[in-house]
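Heads up, the thing below is written out as structure tokens.
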Amino acid sequence: MIIVQGAKNVVTACRECKVRRLVYNSTADVVFDGSHDIHNGDETLTCCWKFQDLMCDLKAQAEALVLFANNIDGLLTCALRPSNVFGPGDTQLVPLLVNLAKPGWTKFIIGSGENMSDFTYVENVAHAHVCAAEALDSRMVSVAGMAFFITNLEPIKFWDFLSIILEGLGYQRPFIKLPTGVVWYIILLVKWIHEKLGLRTYNHSLSACYIVQLASRTRTFDCIAAQKHIGYSPVVSLEEGVSSTIQSFSHLARDSSLAYSRDFNEQSKVEKLLGGGKVADILLWKDEKKTFTYFLVLVLLFYWFFLGGSTLTSSAAKFLLLLSAVLFGYGILPSNIFGFNVKRISPSCFELSETVIKDSIARIAFLWNMGFRNIRLLAKGDDWNTFFKVAGSLYLSKLMLQSFTWSIGLALVFAFTAFFVYEQYEPEIDGLAKFLFNYLKKSKASLIRNVPAPFVSFLYDCKILHEHKAPTEGNDRKRLQ
Ligand SMILES: NC(=O)c1ccc[n+]([C@@H]2O[C@H](COP(=O)([O-])OP(=O)(O)OC[C@H]3O[C@@H](n4cnc5c(N)ncnc54)[C@H](O)[C@@H]3O)[C@@H](O)[C@H]2O)c1
């Protein structure tokens, strides 16, 4: 009713009121079928027969209707097809981005992230309308009844554009790549569940499936026709447009107290904790393929050693046998198989350097000495705190050894998920930990307040509570807490 009947009403009104020029604000989406990239598409592209999105279908119908009305009853018409309009007051792109960024969905890139797109600053669209209206008068033949693509003439990677907007508003830039197919099927599943539960709502915005296609396909357009026939060229650059858009949406910027102030090239807390080297890169999924390969190999080893049904020794023997056979087989392969070069394993590949061996031995000696220092401390018999720590950790190890296989499995899953999750939600998790810590501190303080003084003195004697002097009945209660 709004798009098609609305366009019909406008055409009728123009005729009745003897309006001479009508420029329809169409969209570049009318030539995008969702399943093909558009590289530098021009006006020779035909509108789609089958649309993925109802909105685009209706816009194409309205555009055709307006162009069809050209040169009837003295009315001249043309259509402009802007691509991805943005700017202050935008009701689509930026609000959607912020809504997705708040719960953290914008960390994900759909597809390779390399797809290019054309964006158009809203003032340039307005300027194109003025140019088109003027051109309808002066250059009627080449403009009337035609449609023109309008862009900022600065194609950019779709995900770079989103990253600039998101970072400008204080949100994290997208960096985790998800295969388009996976996202597509997840959305279909969610849609199906919504339909089954009767939750489907119709609104005027683009469908989620269509947004996935917009976000993962290349869509760039050639503006030469608009430049040549209506005299259009952008009046605001992409950079200026983006900064004024960000400024106008500052009210949607991330709360400054929560702002993710870390420079994304800087090491995160968890990265520092993991030593910032190769292990950190693997556990933090910096290179998904590499991490996944390591994870798969470790899962296979876990299965081989713990779930295969053999004893640990026979699993190790079988593993060494298999490894030797694979290495031997690899060694006798020709250096070229069907044009593929087979890399030779260098003889030094399995060698350990002297410094690595020295470091490892020094580490073992350090741990050994530390263990003995603790035993000596325990043997004195006056440090209950150390006793509880040692007894607790030994009991925990005993529990873990009872379910050794499960512990290893859990540790494996933990290592490949927990660090990654912590890095993603560092401020939120830190906030929660701070809250819990304060809560426990308060509980401990109230517990001490209610504990009888002789028992508190006993805890000081046993060094479970630390104070230089054990408190007596008359001592300051605050110091005790
Ligand atoms: N946003 C884009 O990326 C983009 C790209 C290409 C083309 N377009 C086209 O530009 C136009 C504006 O898009 P937008 O993104 O600014 O949308 P929008 O939803 O922000 O603006 C639509 C405007 O139309 C008004 N409106 C809606 N129904 C109406 C009705 N029945 N009668 C009178 N007014 C009504 C709304 O109040 C609103 O002001 C649309 O025709 C759209 O198809 C948008």
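Following the UniProt record's numbering, the residues of the sequence shown are numbered contiguously, the last one being 481. Backbone N, C-alpha and C define an ideal beta-carbon position, used for all residues, glycine too. This structure is a prediction, so every number in the text was calculated from the model and none was measured.
- Taking C-alpha positions only, Val98 is separated from Asp383 by approximately 55 Å.
- Between the segment 96-112 and the segment 170-177 there are three or more C-beta pairs closer than 8 Å, enough to call the two in contact.
- Boundaries for Cys349: no beta strand (DSSP E) harbours it, and the DSSP string shows neither H nor E there.
- Per the DSSP secondary-structure output, Tyr330 pairs with nothing in a beta bridge.
- The beta-carbon separation of Val85 and Val141, rounded to 28 Å, does not stay under the 8 Å limit for a contact.
- As DSSP reads the structure, Cys17 sits in no beta bridge.
- In this structure, Thr91 has its beta carbon less than 7 Å from a heavy atom of ligand 1.
- The alpha-carbon of Leu153 is positioned some 21 Å away from that of His36.
- In this structure, Gly241 has its beta carbon at no less than 7 Å from each heavy atom of ligand 1.
- Counting along the chain, Pro82 sits inside the beta strand (DSSP E) bounded by residues 76-82.
- Tyr171 sits in coil when the DSSP states are folded into three classes, being neither helix nor strand.
- For the 8 Å CB-CB criterion, Ala226 and Phe149 form a contact.
- Phe437 and Val270 have their alpha carbons spaced roughly 19 Å apart.
- Its Cα nearest to that of Ile38, the residue Gln213 stands out among Ala453, Lys442, Thr245, Gln213.
- Remark: C-beta atoms of Cys47 and Val143 do not approach each other more closely than 8 Å.
- By the Cβ neighbour-count rule, Pro179 is exposed, with fewer than 16 other Cβ atoms within 10 Å of its own.
- Within the model, the alpha-carbon separation for Ala445 versus Tyr439 is close to 10 Å.
- In the DSSP secondary-structure assignment, Phe108 is bridged to Ile176.
- When DSSP states are grouped into helix, strand and coil, Asn374 belongs to the helix group.
- For Asn40, the uninterrupted beta strand (DSSP E) run begins and ends at 38-41, by DSSP.
- Ile282 places its beta carbon 8 Å or farther from that of Lys289.
- Lys157 is bridged by DSSP to Met116.
- One Cα belongs to Ala60, the other to Leu307, and the distance between them is close to 60 Å.
- The three-state secondary structure of Phe295, taken from DSSP, is helix.
- Taking Lys157 as the centre and dropping the five residues before and after it, the same chain places the C-beta of Gly113, Glu114, Asn115, Met116, Ser117 closer than 8 Å to its C-beta, in chain order.
- Take Ala101, set aside five residues on each side of it, and the residues of its chain with a beta-carbon closer than 7 Å to its own are Leu166, Tyr171, in chain order.
- Taken through DSSP and simplified to helix, strand or coil, Arg219 comes out as strand.
- By the 16-neighbour rule on beta-carbons within 10 angstroms, Tyr303 is exposed.
- Proximity of the beta carbon of Pro88 to ligand 1 is not indicated: no heavy atom of the ligand is located closer than 7 Å.
- Ranking Ser353, Leu333, Thr355 by CA distance to the CA of Ile345 puts Leu333 first.
- A heavy atom of ligand 1 is found nearer than 7 Å to the CB of Asn84.
- Under a 10 Å Cβ-count criterion, Gln247 is classified as exposed, with fewer than 16 other Cβ atoms of the shown protein chains found around its own Cβ.
- Contact between Ser335 and Val342 holds, with the beta-carbon distance rounding to 6 Å and staying under 8 Å.
- The way I'd put it, the segment 220-234 does touch the segment 120-139; three or more beta-carbon pairs between them come closer than 8 Å.
- Assignment of Ala453 by DSSP, reduced to helix, strand and coil, places it in the helix class.
- If you draw a straight line from the Cα of Thr91 to the Cα of Thr245, it is about 12 Å long.
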